[in-house]
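See structure below.
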Amino acid sequence: MPFRYASASWSPSWAPSWVPSWADVEELTRRLAADEAGLRRSFWKKFRGLAARLPFAEDLLAAHYCAFDRRTPIHVKAVLVGALAYFVLPADFIPDVLPVIGYTDDAAVLAAAIKLVSSHITPHHREAAQRMLARMRG
C-alpha cells in the first residue's frame, strides 16, 4: 500500500504558513510537466539568472538536455521533468530567495532524480551542458 499523508494539504508542523502544502507543490508540478514548452521557457528564464551562482548548474543542465532528448525513455523523462518542474516552481519548501540555503531543496530533488536515472544522462548531455555554461559564463 503506498504511503499517504493524513491530508492532501499537509505541511510540516514546523513550517511557516507561507510554505506551500504538498497538494500545492504537486498541482504546480503537474501543470508545469503537462506544458513542456512552458516548462522549457520557465527553466531557461530562471536558469539564465542563476547560471554563475548555482554549484549544481552543470548537473541541472545535463538533466534538462536528457529530459528533452527524444531518445530518453519516458520513465526517465518523467523523473527528470518532475525535478526540473520543482526547480522552476515559484514557491517550494525552502524559498529560493533565502541566501545560502535557498536552493538546497532544489539541489536535493535534482540529486535524487539524477541518482535514479544516471545511466541515461550520457556524455553527450554533459558535454552540451558544459558548452552552454561556458557560453553563458562568458
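First residue of the sequence shown? That's 296 in this note's numbering, and the numbers climb one at a time after it.
We treat Cβ as the ideally placed atom computed from N, Cα and C, and that holds for glycine.
No experiment lies behind these values; they were computed from the predicted model shown.
Query: Would you report the Cα separation of I369 and R430, rounded to the nearest angstrom?; Result: 30 Å
Query: Within 10 angstroms of the Cβ of I409, are there 16 or more other Cβ atoms? Answer buried if so, exposed if not.; Result: buried
Query: Can you tell me which of A347, Y381, R348, G344 puts its alpha carbon nearest to the alpha carbon of W358?; Result: A small correction: the amino acid at residue 358 is Ala; Trp does not occupy that position in the sequence shown. Closest by alpha carbon: Y381.
Query: Can you tell me the Cα-Cα spacing of V374 and Y398, whole angstroms?; Result: 19 Å
Query: Let me know the secondary structure DSSP gives D401 once reduced to three states.; Result: helix
Query: Please tell me whether D391 has its Cβ less than 7 Å away from any Cβ of chain D.; Result: Absence of chain D from the displayed structure is noted, only one protein chain being present.
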